[in-house]
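Encoded as C-alpha cells, the structure appears first; notes follow it.
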Amino acid sequence: MKKVLIVIIAFLNLLLIIQGCIPSKPLDEIELLPSERLINKLEANRRKIKSFEGVGTIEIESELYDNSASFRVVMLKPDSIYFTIMG
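Numbers in my numbering are just positions in the sequence shown, counted from 1, shifted up by 15.
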C-alpha cells in the first residue's frame, strides 16, 4: 500500500514538473486584424450592449486647486444617461 502511494505521489510530482516546463505561446502566432475587420467587430460588440453602469473617481490637481470627486454613470440604450458627481 505504501509503495503504491509513493508511486502515485512520484507520478503526480512528475506531471507537475512537466506541466510547469511547457513554454508560453510565442508572440509570432498572435493574429493582427485588418482595421476594417477590427472596426466591424467593435461595432458588433457595441450593438450588443443594452445598458452600462460605472463608478469612479476623478482627481483635479493644479497649482491653485487640488480636489477629487466620485462619480456614477448609468446608460440605458437608446437615449437615457444618468450622470452624478459627488464631492
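Cβ coordinates follow ideal geometry from the N, Cα and C atoms, glycine included.
Computed from a predicted model, the values in this text were never measured in an experiment.
- Straight-line measurement puts the Cα of F98 at about 17 Å from the Cα of E74.
- If you look at I54, you'll find it in the alpha helix (DSSP H) that goes 50 to 63.
- The beta carbon of E68 lies closer than 6 Å to those of V89 in the same chain, with the five residues before and after it left out.
- Rounded to the nearest whole angstrom, the CA to CA distance from K92 to S77 is 36 Å.
- The continuous beta strand (DSSP E) containing S66 extends over residues 66 to 76.
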